[in-house]
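Here is the structure we will look at.
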Ligand code: FAD
Ligand code: DLZ
Ligand code: SF4
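Residue numbers (the working numbering): 8 to 517.
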């Protein structure tokens, strides 16, 4: 008797566990381009085009390998629910098999549809991660705090990555973060921008045509430039290129920001990792190999492996551990609407304008831009976290809820009150000035706080501390700014608080 295997748009690996469990002779694979999935978040056109193009090319590979495949192009089905009912009513299946999806929402949709059709449903763990959600919850049991660093160390030991004899980290230290905080100083030439592969590629072109026909317009962003690839073989080339040319400098310039370079020395592999075109194991193994063969220094290799083996695995486990209600948390009770410049880039704040123009053009911004520019501003300006999360889920090529939500709500917005981050990631113009070249060309001055030309981040920063000091006073990592605030005289405090409120009221014209 046949099984019905579903493969979702972010599960495009030949090592997909549900596919691995299937029989070519008996079972049927189903994939579908769904209108609801293309429109449930304010997706960037490049994100939708990337996923659908990758799905079509992956489907071709499955067909070439002889799998029985039901592939539905855009326009036929709206939702997973109608898809499952259609498939089950046109065949006889003993069960549905599927790898765990990247969202609670999709898991519930499949569970409901299988239940309604009275068909058993089997879930499989995603083998492209080092760890599973259940391993994370075992680790989390009984811990007061769930800090990435300790999960990372466990995984390094368990998988013997950058380890001497499974006990001692290479170089004697677990973490080289202290060496990874340099602004770009021109000591190393900036890497070339990624090649623009489209939109001339024939599969991509036909996908864009279908999107224009079937998905409600307009979608966010542009697609005149498409720096992404859509097949595993090309994604592997991108990974190898990064390891050879940019990994050696990745650590040193990890936190740097530049006005005219959206990528610096970052890897640009997140869309491939998150859709199954690359596995976390191969990324870490290649990076470790670069260290062992003396092609990249330890601070760079450890910094990169910490992102993939540390942050990515931790975030994955954390998302499933927190459950669906996590999305609603709003520790600071912030409720201001998202400013329209998050969509249009029309603001005089150069750091924000440049970041959002980059997102419009590439569906990408590197980590520090996401955290310390758009995230930091949203937190300081007291924007509603759910609105901010919806934006992040839509505008980035690599955004799936399991990774977007903990990063945005937990890390950038401290919306869970510190369950994920040990302190709010807030900074004034001084930090942005130190780590970037934005401020030099901005109409605002990072040295001023109250004047008309003062950098808005400054008064917003102090307004945030002044407003929320009671919620933060027990956090030892916040004691310094709270003490500084307390040392300001009443007149200065009042001036900063009223400037901060005034900035929030006039946010649309900043
Ligand atoms: P690099 O800087 O080269 O890092 C290498 C890899 O490490 C990344 O490809 C990614 O797979 C992994 N990684 C690094 N940091 C993280 C992290 N914090 N969480 C999970 N994986 C990490 N990442 C996403 O993949 N999807 C998202 O939707 C997403 N949303 C984010 C939202 C906010 C507010 C913040 C602060 C971060 C978010 N991140 C997200 C994490 C990180 O910014 C991106 O993974 C990274 O910028 C992707 O670019 P890159 O491949 O060049 O990464
Ligand atoms: C994000 C996305 C988009 C745009 N389109 C599809 C699609 O047409 N078909 C599909 O199976 N998945 C798509 N996805 C990914 C889903 O929204 C969702 O994130 C994953 O199914 C979670 O595993
Ligand atoms: Fe951003 Fe302020 Fe610098 Fe302008 S001065 S770029 S607003 S940090």
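Even for Gly, the Cβ is constructed at its ideal location relative to N, Cα and C.
- Annotation for residue 470 indicates a beta carbon at 6 Å or more from all heavy atoms of the ligand SF4.
- A Cβ closer than 7 Å to some heavy atom of the ligand SF4 marks a residue here, and those residues are 356, 357, 358, 359, 436, 439, 440, 445, 446, 449, 451, 452, 453, 462, 463 and 464.
- Check the Cα spacing between residue 345 and each of 156, 382, 9 and 160: the tightest is with 382.
- Residue 39 sits away from residue 76, with the two beta carbons spaced by 7 Å or more.
- Bridge pairing for residue 452: 461 [DSSP].
- Taking C-beta atoms under 8 Å as the contact rule, residue 191 and residue 265 qualify, at a distance of about 6 Å.
- Secondary structure note for residue 509: its alpha helix (DSSP H) is the uninterrupted segment 497-512.
- In the structure shown, residue 400 adopts helical secondary structure according to DSSP, grouped into three states.
- Counting only the Cα atoms, residue 349 lies some 9 Å from residue 360.
- For residue 368, the enclosing alpha helix (DSSP H) covers residues 357-369.
- As computed with DSSP, residue 343 is found in a beta bridge with 390.
- Around the CB of residue 101, fewer than 16 other CB atoms lie within 10 Å, so the residue is classed as exposed.
- Leaving aside the five residues that flank residue 440 on each side, the residues in its chain whose CB is nearer than 6 Å to its CB run, in chain order, 446 and 453.
- Scanning the segment 38-105 from its first residue to its last, the whole alpha helix (DSSP H) runs of 4-plus residues come out as 42-46, 52-71 and 87-96.
- In the structure shown, residue 491 adopts helical secondary structure according to DSSP, grouped into three states.
- Taking the Cβ atoms as the reference, residue 337 lies roughly 14 Å from residue 425, outside the contact range of under 8 Å.
- Secondary structure of residue 195 (DSSP, three-state): coil.
- Apart from the 5 residues on each side of it in sequence, residue 341 sits with its Cβ closer than 7 Å to the Cβ of 389, 390, 391 and 392 in its chain, given in chain order.
- Here residue 152 carries a coil assignment [DSSP, helix/strand/coil].
- A buried status is given to residue 23, since no fewer than 16 other beta-carbon atoms sit within 10 Å of its beta-carbon.
- Membership of residue 350 in any beta strand (DSSP E) is not indicated; the residue belongs instead to the alpha helix (DSSP H) covering 348-351.
- Contact between the segment 488-504 and the segment 368-375 is absent, with fewer than three C-beta pairs closer than 8 Å.
- If you keep only unbroken beta strand (DSSP E) runs of at least 3 residues inside the segment 158-230, you get nothing at all.
- Going by DSSP, residue 250 is part of the alpha helix (DSSP H) stretching over 239-252.
- Linking residue 460 to residue 157 through their CA atoms gives a straight-line distance of about 44 Å.
- Non-local beta-carbon contacts of residue 315 in its own chain, meaning distances under 6 Å to residues more than five positions away in sequence, involve 287, 290 and 291 in chain order.
- When the beta-carbon positions are compared, residue 95 and residue 126 come within less than 7 Å of each other.
- Sequence-distant Cβ neighbours of residue 51 in its own chain, meaning closer than 6 Å and more than five residues away, are 227, 228, 370 and 402.
- A residue is called buried once 16 or more other Cβ atoms fall within 10 Å of its Cβ, and residue 354 is buried on that count.
- In this chain, the alpha helix (DSSP H) harbouring residue 116 covers 111-123.
- As a beta-bridge residue in DSSP terms, residue 268 pairs with 265.
- Around residue 143, the same chain offers 324 and 328 as residues with beta carbons nearer than 6 Å, after the five sequence neighbours per side are excluded.
- Taking 6 Å as the cut-off, one finds no heavy atom of the ligand FAD near enough to the beta carbon of residue 177.
- Using a Cβ distance threshold of 7 Å, residue 37 and residue 57 do not count as a contacting pair.
- In its chain, beyond the 5 residues on either side, 170, 173 and 174 have a beta carbon closer than 8 Å to the beta carbon of residue 164.
- Taking 6 Å as the cut-off, the C-beta of residue 312 does not count as close to any heavy atom of the ligand FAD.
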